[in-house]
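Below is the structure:
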């Protein structure tokens, strides 16, 4: 079974672009890609806020918005369970779910997504 961070990276990578821990983006990474904060915690720690950012070079707000909406559709109303070492991660929408954010680079759109993750794990 994958680690918690690897499970989240694999799920986010299913949106058609690579997903990297925010602290480990390769220097040669090409847009589009996703960054996320790593997952920690264990059973009983409660929900944990996790930030996901989608980075895309485009002039289209609609295209960038569609990336964030795809994550929302995949989560649905009840979230998803991702199997990992020691159990699973229950990934749900955070609040606010997503918003446009300044990328700091012309022509690059960034969407900031809030997730709420509950560790259903033994460690």
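In the numbering used here, the protein residues as written are 989 to 1111.
Glycine included, C-beta positions come from ideal geometry on N, C-alpha and C.
- A residue is called buried when at least 16 other Cβ atoms come within 10 angstroms of its Cβ; residue 991 does not meet this threshold and is exposed.
- For residue 1081, the closest alpha carbon among the candidates 989, 1008, 1050 and 1058 is that of 1058.
- Around the Cβ of residue 1079, a 10 Å sphere holds 16 or more other Cβ atoms; the residue is buried.
- Counting along the chain, no beta strand (DSSP E) covers residue 1062; the unbroken alpha helix (DSSP H) around it starts and ends at 1049-1063.
- In this structure, residue 1010 keeps its C-beta atom at 7 angstroms or more from the C-beta atom of residue 1000.
- Residue range 992-1001 is occupied by the alpha helix (DSSP H) that includes residue 1000.
- With distances taken between CA atoms, residue 1054 lies nearest to 1100 out of 1100, 997, 995 and 1107.
- The three-state reading of DSSP puts residue 1031 in coil, since its state is none of H, G, I, E or B.
- Of the residues 1110, 1029, 1031 and 1091, the one whose Cα lies closest to the Cα of residue 1022 is 1091.
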